[in-house]
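For the sequence shown, the positions run 952 to 1238 when the numbering used here is used. Glycine included, C-beta positions come from ideal geometry on N, C-alpha and C.
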Amino acid sequence: MQTALEAAREAVGQALQAAVAGLPPGDLRDAMGYACAGGKRLRAFMVLESARLHGVSADAAMPVAAAVEAVHAYSLVHDDLPAMDDDDLRRGMPTVHVKWSEATAILAGDALQSLAFELLADPAIGPPEARVRLVAGFAQAIGARGMCLGQALDIAAEAAPEPLDLAAVERLQDAKTGALFGFAATAGALIARADTRPLADYARHLGLAFQIADDLLDATGDEAVTGKRTGKDEAAGKATFVSLLGVGGARDKARALTRAAEAALAPYGERAENLRALARFVIERDA
952 MQTALEAARE AVGQALQAAV AGLPPGDLRD AMGYACAGGK RLRAFMVLES
1002 ARLHGVSADA AMPVAAAVEA VHAYSLVHDD LPAMDDDDLR RGMPTVHVKW
1052 SEATAILAGD ALQSLAFELL ADPAIGPPEA RVRLVAGFAQ AIGARGMCLG
1102 QALDIAAEAA PEPLDLAAVE RLQDAKTGAL FGFAATAGAL IARADTRPLA
1152 DYARHLGLAF QIADDLLDAT GDEAVTGKRT GKDEAAGKAT FVSLLGVGGA
1202 RDKARALTRA AEAALAPYGE RAENLRALAR FVIERDA
């Protein structure tokens, strides 16, 4: 899996930077390219593996993988803003609003979202009806039914009189993290017009496991390794999987979710081994 993930990381990074390089020069383009640099590319990897499982070529899947990473980059740029999580460090580097300005960061995020939809219009993906399915699924995953809803719930929780319970935290993270995971994992099935349910189940379990791993890194990780500030959740009094379950309980839940994610891939047999390995990687990572 590591070899395949590294190859995907490099190929998607090149596709993203090529898309950004075609834009008019200036601070906006530079900030977009900066925001897209680095990262694990887990979502893009899911797109490419989902495509492979359904006989969709890598050339057809690459614009979709790049679109997912463009939106992920936009979400991080906006998440780091003072009005949101107010972070000054991302991937070991100054955040976009620190390096440029808040206005540039807002516009860079907006432009990355627009670029993502431009990528999804690429004829290389397939016939128009396949692209329409992707655009509809993508819009739902990142908008007021998905990622943006999750962020809104997260912000609202900060002002709530009582901390969220476990069910509420799961609902929040299903939207904030899980919705984009779900689109990425099912993208190949959407293109091929195949059953999306096994990969949607996989992605839901994986998304929650991923968030638990993030909560654990915030609670116990090393800032020099994670590349971002740690201890933020406890300082803000946020309800997380760690605050609700404890470190040991959170780790146990992450392992159980990983096993459930792997089990969801049973219909694909050994062909889905890369995705099974990805599920294990998600809870073992240190950044």
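Label residue i either buried or exposed according to how many other C-beta atoms from any shown protein chain fall within 10 Å of its C-beta, with 16 as the threshold for buried.
i, result
"Leu1150", "buried"
"Val998", "buried"
"Asp1237", "exposed"
"Ala1203", "Per the sequence shown, residue 1203 should be read as Asp rather than Ala. It is exposed - the Cβ of Asp1203 has fewer than 16 other Cβ atoms within 10 Å."
"Ile1163", "buried"
"Arg1031", "The amino acid occupying residue 1031 in the given sequence is Asp; Arg does not appear at that position. Asp1031 should be labelled buried."
"Val1015", "buried"
"Val963", "buried"
"Ala959", "buried"
"Ser1065", "exposed"
"Gln965", "exposed"
"Ser1001", "buried"
"Thr1128", "buried"
"Thr1137", "buried"
Pull up the DSSP beta-bridge partners for residue i, would you.
i, result
"Leu1070", "According to DSSP, which records beta bridges pairwise, Leu1070 is partnered with nothing at all."
"Leu1040", "Pro1045"
Can you give me the C-alpha to C-alpha distance between residue i and residue j, rounded to a whole angstrom?
i, j, result
"Ala1135", "Arg1231", "18 Å"
"Ser956", "Lys1189", "Going by the sequence as given, residue 956 is Leu instead of Ser. For Leu956 and Lys1189, the distance between alpha carbons rounds to 32 Å."
"Asp1166", "Ala1103", "18 Å"
"Lys1183", "Phe996", "28 Å"
"Glu1053", "Asp1146", "42 Å"
"Arg1144", "Asp1010", "18 Å"
"Leu1063", "Pro1078", "24 Å"
"Asp1173", "Pro1074", "44 Å"
"Ala1186", "Asp1169", "11 Å"
"Arg1082", "Arg1096", "20 Å"
"Met1098", "Arg1210", "25 Å"
"Glu942", "Arg1148", "In the structure as shown, the chain starts at 952 and stops at 1238, and residue 942 therefore has no counterpart that could be examined."
"Val1007", "Glu1113", "47 Å"
Please state whether the Cβ-Cβ distance between residue i and residue j is less than 8 Å.
i, j, result
"Asp950", "Arg1180", "Outside the shown range of the chain, which is 952 to 1238, sits residue 950, and nothing can be said about it."
"Ala1108", "Leu1115", "yes"
"Gly1060", "Val1028", "yes"
"Ile1234", "Ala1160", "yes"
"His1005", "Ala1140", "yes"
"Leu1157", "Phe1132", "yes"
"Leu1229", "Met952", "yes"
"Val971", "Arg994", "no"
"Thr1055", "Asp978", "yes"
"Cys987", "Leu967", "yes"
"Gly984", "Arg1042", "no"
State whether the stretch 1176–1192 contacts the stretch 1019–1027, with contact taken as three or more CB pairs (one from each stretch) at a distance under 8 Å.
Too few Cβ pairs lie closer than 8 Å, so no.
Please confirm if the stretch 1115–1124 is in contact with the stretch 1193–1208, defined as three or more CB-CB distances below 8 Å between the two stretches.
yes
With three or more C-beta pairs closer than 8 Å as the rule, is the stretch 1214–1226 touching the stretch 1065–1074?
no
So, do the stretch 1090–1106 and the stretch 1041–1060 have three or more beta carbon pairs nearer to each other than 8 Å?
no
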